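First comes the structure, then the notes that go with it.
Protein chains: 2
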Amino acid sequence: MATARRNPLALAVLVLLHEESMHPYQMSATLKERRKEHSVKINYGSLYAVVESLLNRGLIEVRETLRSGNRPERTVYGITEAGRREMIEWLTRLLSEPVKEFPQFEAALSLMPALPPDDVIDLLERRLAAQQRALEAGRESMGRAIDAGMPRLFAIEHEYELALLAAEVDFLSAFLADLRDGTFGGLAGWRRLHELRATDLSNDEIWAILIDEFKEEFAWIERADEFE
Amino acid sequence: MATARRNPLALAVLVLLHEESMHPYQMSATLKERRKEHSVKINYGSLYAVVESLLNRGLIEVRETLRSGNRPERTVYGITEAGRREMIEWLTRLLSEPVKEFPQFEAALSLMPALPPDDVIDLLERRLAAQQRALEAGRESMGRAIDAGMPRLFAIEHEYELALLAAEVDFLSAFLADLRDGTFGGLAGWRRLHELRATDLSNDEIWAILIDEFKEEFAWIERADEFE
DNA sequence: ATGGGAATACTCGATTCCAAGTAGTCGAAT
DNA sequence: ATTCGACTACTTGGAATCGAGTATTCCCAT
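For the protein sequence lines, the chains are E and V, in the order given.
Residues in the first sequence are numbered consecutively from 224, following the numbering used here.
Residues in the second sequence are numbered consecutively from 224, following the numbering used here.
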């Protein structure tokens, strides 16, 4: 159990080898052919590293080593019994137990007050426009595929992605509306902070003013931990 | 430019130092106090590595080195002008330009056919239950905080998380309904695949049968790339 | 006064990641 | 006939990651 279950690419490798023995390059080609590159991050460095780690853990084994002409060797790997068990267990876990992830946009939202609110409104508007286009494009290509007879099974991960994307679009629209009409809680203090930063006051002076003007609001910066 | 913009923890460090100079341990303490650990992944190893990389890139600088008693040194860092620019640019990017991410559940969904459909239904039901609980708990604690007067600004990233979580709950409910009533496209072939795997037929034989029984459907495995 | 747990402030090293590079092969077009 | 670009198949090295460990001090109850 050298490596924990970290990189889902390792799971994808197990799933492929569970179907059929193959060499690493063929794995990446197969994954790309089946459009798994959208849902599983593939890159050569990781792929070969991941294969070696699976080998060390006895989850896969070398079946044969081919050489044609002067090309590099191709090592064909197959799955072991332990590998099949690991695949089933890992996939079972991933499907049934949510894991906390850290999308970059979530980080950006939480650090957002470092920029002035009017700039942020601009930036979020751009993001919203981009995501609306992406959503429409995604829905359209999905619709065409379904109309042409593609079973949903083959693109369920894409449906999931679109569901989350739609939720983000709704979130951004609502958030922007509240920012624009000034009803967003904390906006006044946020704006004042950047007004004061544009002066040559020191940090301490700025905070003194803010605490004075927005006492109840700013007290919450330190009380955040009272709620979950 | 040693390290690109990879780890958002580096951005968080820039934001903190933009407000006030401090030593690494204080950064982690401040982030935790403000409940940023939910949106930015913090761990000591990464923190010290990230700080050093920012130092190498001239985005932060050493302000002083304190020592009290026999404790380890505390190095206090401050942001540089280049660091301020980098912070603004990076945050601007993150807020305005969507980046493709790879949630583990998306990978799991795309690899899901490796398990039998009835098992998957079970697993997704468990996930749905867990996410419904999480959603309710999250909404409740958020509601309490808002009722107690917390400005939304201080938990906007949490609102975003809840929006995505709600979307996942809806997606899972709808998906499960279609799976349960048998209307999900591709389900029959999927079920047959696992029926055949339970026999002692070879892989090639299994595929011959499946292609024969579900020709139009399975042809899509290789045609996936025709659509986006 | 003393033992134990929490908090402070890092350090370490084995593993993992990843973009870029390398190096051969093949087919089509100039 | 040969250049070109796309494909095949990996290698490399420098970063980044992450959990666990270390060592000290503070505080509080016994």
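The beta carbon of each residue, even a glycine, is placed where N, CA and C say it ideally should be.
Model, not experiment: these values are computed from the prediction.
May I have the straight-line CA-CA distance separating residue 233 of chain E from residue 428 of chain V, to the nearest angstrom?
Translated into the one-based positions of the first sequence, residue 233 of chain E becomes position 10. Translated into the one-based positions of the second sequence, residue 428 of chain V becomes position 205. Their backbone Cα atoms lie some 27 Å apart in a straight line.
In chain order, what residues of the stretch 260 to 277 of chain E put their CB closer than 7 Å to some CB of chain V?
Those would be 262, 263 and 264, in chain order.
So what's residue 406 of chain V in DSSP terms, helix, strand or just coil?
Position 183 of the second sequence holds residue 406 of chain V. Correct three-state label for residue 406 of chain V: coil.
Using a Cβ cut-off of 8 Å, which residues of the stretch 348 to 364 of chain V contact any Cβ in chain E, in chain order?
Here the close residues are 349, 350, 353, 354, 357, 360, 361 and 364.
Going straight from the alpha carbon of residue 257 of chain V to that of residue 250 of chain V, what length do you get?
For the purposes of this step, residue 257 of chain V is identified with residue 34 of the second sequence, where counting begins at 1. For the purposes of this step, residue 250 of chain V is identified with residue 27 of the second sequence, where counting begins at 1. Note on geometry: alpha-carbon atoms of residue 257 of chain V and residue 250 of chain V lie some 11 Å from one another.
Cβ of residue 392 of chain E less than 7 Å from any chain V Cβ?
Your numbering for residue 392 of chain E matches position 169 in the first sequence. False, the Cβ-Cβ gap to chain V never drops below 7 Å.
For a contact defined as C-beta to C-beta under 7 Å, what are the partners of residue 375 of chain V on chain E?
Taking the second sequence and counting its residues from 1, one reaches residue 375 of chain V at position 152. Within 7 Å Cβ-Cβ: 407, 408 and 409.
What three-state label does DSSP hand residue 454 of chain E in the structure shown?
Nothing can be reported for residue 454 of chain E: it is not among the residues displayed for chain E, which extend from 224 to 451.
What first and last residue would you give for the beta strand (DSSP E) that runs through residue 283 of chain E?
Along the first sequence, one-based indexing puts residue 283 of chain E at 60. Residue 283 of chain E -> beta strand (DSSP E) spans 283 to 289.
With a threshold of 8 Å, are at least 3 pairs of Cβ atoms found where one atom belongs to the stretch 373 to 384 of chain V and the other to the stretch 317 to 327 of chain V?
Contact between the stretch 373 to 384 of chain V and the stretch 317 to 327 of chain V is absent: fewer than 3 CB-CB pairs across the two stretches fall below 8 Å.
Considering only residues of the same chain and omitting the five flanking positions on each side of residue 440 of chain V, which have a CB-CB separation below 7 Å?
Here residue 440 of chain V refers to the residue found at position 217 of the second sequence. For residue 440 of chain V, where only same-chain residues beyond five positions count, the Cβ hits under 7 Å are 409 and 412.
8 Å Cβ shell around residue 245 of chain V - same chain, five flanking residues per side excluded
Numbered from its first residue, the second sequence carries residue 245 of chain V at position 22. Apart from sequence neighbours up to five positions away, the residues of its chain that approach residue 245 of chain V with a beta-carbon distance below 8 Å are 239, 253, 299 and 300, ordered along the chain.
Round the Cβ separation of residue 337 of chain V and residue 241 of chain E to the nearest angstrom and send it over; I've been treating them as touching at under 8 Å.
Here the question's residue 337 of chain V lines up with position 114 in the second sequence. Here the question's residue 241 of chain E lines up with position 18 in the first sequence. Contact between residue 337 of chain V and residue 241 of chain E holds, with the beta-carbon distance rounding to 6 Å and staying under 8 Å.
When you compare only the Cα positions, how much space is there between residue 366 of chain V and residue 358 of chain V?
In the second sequence, residue 366 of chain V corresponds to position 143, counting from 1. In the second sequence, residue 358 of chain V corresponds to position 135, counting from 1. Between the C-alpha atoms of residue 366 of chain V and residue 358 of chain V there is a straight-line separation of about 12 Å.
Compare the C-beta of residue 322 of chain V with all C-beta atoms of chain E and state if any pair is closer than 7 Å.
Residue mapping note: residue 322 of chain V aligns to position 99 of the second sequence, counting from 1. Chain E, which has a Cβ nearer than 7 Å to the Cβ of residue 322 of chain V, makes this yes.
Bridge partners - residue 303 of chain E, DSSP secondary structure assignment
The residue you call residue 303 of chain E lines up with position 80 of the first sequence. DSSP lists no beta-bridge partner residue for residue 303 of chain E.
At a CB-CB cut-off below 7 Å, which residues of chain V make contact with residue 326 of chain E?
Taking the first residue of the first sequence as 1, we reach residue 326 of chain E at position 103. Ordered by position in chain V, the residues that pass the 7 Å Cβ test against residue 326 of chain E are 324.
What's the call for residue 436 of chain E, buried or exposed, on a 16-neighbour Cβ count within 10 Å?
Mapped onto the first sequence, residue 436 of chain E falls at position 213. Here residue 436 of chain E is exposed: its Cβ has fewer than 16 other Cβ atoms, across all protein chains shown, within 10 Å.
Check whether the Cβ of residue 432 of chain V lies closer than 7 Å to any Cβ atom in chain E.
The count along the second sequence starts at 1 and reaches residue 432 of chain V at position 209. Among the residues facing chain E, residue 432 of chain V is not included, as its CB has no counterpart in that chain under 7 Å away.
Strand pairing of residue 245 of chain V, partner residues [DSSP]:
Taking the second sequence and counting its residues from 1, one reaches residue 245 of chain V at position 22. Residue pairing from DSSP places residue 245 of chain V in a beta bridge opposite V:300.
Within 10 angstroms of its Cβ, does residue 379 of chain V collect 16 or more other Cβ (buried), or is it exposed?
The residue you call residue 379 of chain V lines up with position 156 of the second sequence. Flag for residue 379 of chain V reads buried.
Could you work out which residues of chain E lie near residue 372 of chain V, taking near to mean beta carbons separated by less than 7 Å?
Counting from 1 along the second sequence, the entry for residue 372 of chain V is found at position 149. Chain E residues near residue 372 of chain V: 439.
Are the C-beta of residue 339 of chain V and some C-beta of chain E separated by less than 7 Å?
For this step, residue 339 of chain V is matched to residue 116 along the second sequence. No, its Cβ sits nowhere closer than 7 Å to a Cβ of chain E.
Using a Cβ-Cβ cut-off of 7 Å, state whether residue 379 of chain V counts as contacting chain E.
The sequence position of residue 379 of chain V within the second sequence is 156, counting from 1. At least one chain E Cβ lies under 7 Å of residue 379 of chain V.
Element boundaries [alpha helix (DSSP H), containing residue 279 of chain V]
Residue 279 of chain V sits at position 56 when you count from the first residue of the second sequence. Residue range 267 to 279 is occupied by the alpha helix (DSSP H) that includes residue 279 of chain V.
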